[in-house]
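J.:
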Amino acid sequence: MSVERLESNYVQVAPLVELHYVEKGAGQPILFIPGLTFSSEIFESQIDYFSKTNRVIAIDPRGQGTSTKTVHGNDYATHGKDLAKLIEILDLKDLILVGWSTGNLEVWSYISQFGKKRVKAVVTIDMSPVPLSIDPSCWVEGSLDELRTAASEILISPKGVRDFFSEYIIAVMIQRNVEEEELEYLLDISAKTPYYICSSLFCNAVLSNYFEVAKEISETLPSIMFT
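Under full-length UniProt numbering, the residue at position 22 of the sequence shown is numbered 22, and the numbers go up by one with no gaps.
Written as structure tokens, this is what we have:
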């Protein structure tokens with residue numbers, strides 16, 4: 001099943017800002033949020049599977065996919081507000097939130113700002129709530145030198161972003177031999193996010209700290225964190 005067959009919609013979450021989302025199925029809602037530069041397309045298989053029993057929604061965050069591109073609001077506090085508006089407009093209740101990579105930051109940002117009233121359970125996949133730390137015992141997204149190099153030397157041009165995500169897709173995201181056609185498909189999705197938005201979001205992401213809200217979620221809601 002392809003994403004093109006899904007119901008595709010837009011919702012206005014701020015003045016002149018629309019989020020694209022797809023949905024399929026009926027029942028308890030599950031909302032999928034993709035990682036940096038990716039879109040709802042990345043969840044094609046998950047939508048196909050879970051829509052048999054649930055109402056499944058997947059979004060393109062601000063600046064990603066076919067959602068509005070802005071020169072402001074490219075941070076996870078704003079993304080959390082965008083998510084809250086979408087959840088309110090769609091009137092989602094007893095919601096299962098599923099974040100992948102920086103999508104986790106959107107989940108934590110939303111709950112830290114708007115609480116857990118509409119949330120039934122949380123799933124976070126493959127990103128630490130503290131992406132950067134000098135504490136050697138912390139689960140982080142890379143060393144200070146690695147993240148600084150990515151932010152200041154690599155993610156500053158379309159080619160730099162493409163090279164970065166080409167390596168990321170193979171080494172981290174998929175971790176297997178990738179056919180050229182599959183790699184190009186994923187890179188084409190990623191390329192819908194302008195490099196300057198990617199850079200802003202990356203810097204904001206690695207400097208985020210959602211440890212306390214992630215801890216609170218683990219203690220008060222059914223939740224699981226995949227590392």
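Just so you know, even glycine gets a beta-carbon here, dropped at the ideal spot from N, CA and C.
None of these values were measured; they are calculated from a predicted model.
Fully enclosed by the stretch 37–110, which alpha helix (DSSP H) runs are 4 residues long or longer?
T.: Counting only runs of 4 or more, we get 44–50 and 76–89.
J.: Which two residues bound the contiguous beta strand (DSSP E) that contains residue 150?
T.: Position 150 of the sequence shown, counting from 1, holds the residue named residue 150. No beta strand (DSSP E) holds residue 150; DSSP gives it neither H nor E.
J.: Compare the beta carbon distance of residue 161 and residue 199 with 9 Å and say whether it is the shorter of the two.
T.: To locate residue 161, count along the sequence shown from 1; it is residue 161. To locate residue 199, count along the sequence shown from 1; it is residue 199. Yes, Cβ-Cβ distance for residue 161 and residue 199 is below 9 Å.
J.: Quick check on this structure: which residue in 105, 110 and 111 has the alpha carbon closest to the alpha carbon of residue 130?
T.: Your numbering for residue 130 matches position 130 in the sequence shown. Residue 105 is the option with its Cα nearest to residue 130.
J.: Who are residue 223's beta bridge partners in DSSP?
T.: As a position in the sequence shown, residue 223 is number 223, starting the count at 1. Partner(s): 122.
J.: Alpha carbons only, please: which of 206, 76, 55 and 201 is nearest the one belonging to residue 148?
T.: Walking along the sequence shown from the start, residue 148 turns up at place 148. The option with the nearest alpha carbon to residue 148 is 206.
J.: Note down the Cα distance separating residue 128 from residue 141, rounded to an integer number of angstroms.
T.: Stepping through the sequence shown from its first residue, residue 128 is reached at position 128. Stepping through the sequence shown from its first residue, residue 141 is reached at position 141. If I take the Cα positions, the gap works out to 7 Å.
J.: If you measure between the beta carbons of residue 45 and residue 58, is that distance less than 9 Å?
T.: Locating residue 45 in the sequence shown gives position 45, where the first residue counts as 1. Locating residue 58 in the sequence shown gives position 58, where the first residue counts as 1. The answer is no: Cβ separation not under 9 Å.
J.: By the 10 Å Cβ neighbour count, where 16 or more other Cβ atoms means buried, how is residue 174 classified, buried or exposed?
T.: The sequence position of residue 174 within the sequence shown is 174, counting from 1. It counts as exposed.
J.: Among 191, 169, 32 and 38, which residue has its Cα nearest to the Cα of residue 49?
T.: Your numbering for residue 49 matches position 49 in the sequence shown. Of the listed residues, the one whose Cα sits closest to residue 49 is 32.
J.: Below 8 Å, how does it come out for the stretch 4–24 and the stretch 106–116: are there three or more Cβ pairs, yes or no?
T.: Contact between the stretch 4–24 and the stretch 106–116 is absent, because fewer than three Cβ pairs lie under 8 Å.
J.: Among residues of its own chain, excluding the 5 on either side of residue 222, which ones have a beta-carbon nearer than 8 Å to its beta-carbon?
T.: By 1-based counting over the sequence shown, the position of residue 222 is 222. Same-chain partners within the cutoff: 120, 121 and 122.
J.: Need the endpoints of the beta strand (DSSP E) that residue 9 sits in, please.
T.: Position 9 of the sequence shown, counted from the start, is the residue given in the question as residue 9. Start and end: 7–14.
J.: Going by the CB atoms, is the gap between residue 103 and residue 34 shorter than 9 Å?
T.: Counting from one through the sequence shown, the residue named residue 34 turns up at place 34. Counting from one through the sequence shown, the residue named residue 103 turns up at place 103. It is a contact, given that the beta carbons lie within the stated cut-off.
J.: Would you kindly work out how many angstroms separate the C-alpha atoms of residue 25 and residue 66, rounded to a whole number?
T.: Along the sequence shown, read from residue 1 onward, the residue named residue 25 stands at position 25. Along the sequence shown, read from residue 1 onward, the residue named residue 66 stands at position 66. Roughly 22 Å separates the two Cα atoms.
J.: Check the DSSP bridge columns for residue 22 and list the partner residues they point to.
T.: In the sequence shown, counting from the first residue as 1, residue 22 sits at position 22. Answer is 8 and 58.
J.: Given this structure, state the Cα-to-Cα distance separating residue 152 from residue 27, to the nearest angstrom.
T.: Within the sequence shown, residue 152 is the residue found at index 152, counting from 1. Within the sequence shown, residue 27 is the residue found at index 27, counting from 1. When rounded, the distance between both Cα atoms is 45 Å.
J.: Does the beta-carbon of residue 64 have 16 or more other beta-carbons within 10 angstroms, so that it is buried, or is it exposed?
T.: Counting from one through the sequence shown, the residue named residue 64 turns up at place 64. So residue 64 ends up on the buried side.
J.: Is the CB-CB distance between residue 250 and residue 197 below 9 Å?
T.: In the structure displayed, the chain extends from 1 to 227; residue 250 sits before or after that span and is not available.
J.: Within a Cβ cutoff of 7 Å, which residues of the same chain sit near residue 193, ignoring the five residues on either side of it in sequence?
T.: Taking the sequence shown and counting its residues from 1, one reaches residue 193 at position 193. Closer than 7 Å at Cβ, skipping near neighbours: 37, 63 and 64.
J.: So, with DSSP's three-state summary, where would you put residue 197?
T.: Your numbering for residue 197 matches position 197 in the sequence shown. In this structure, residue 197 counts as helix in the three-state DSSP scheme.
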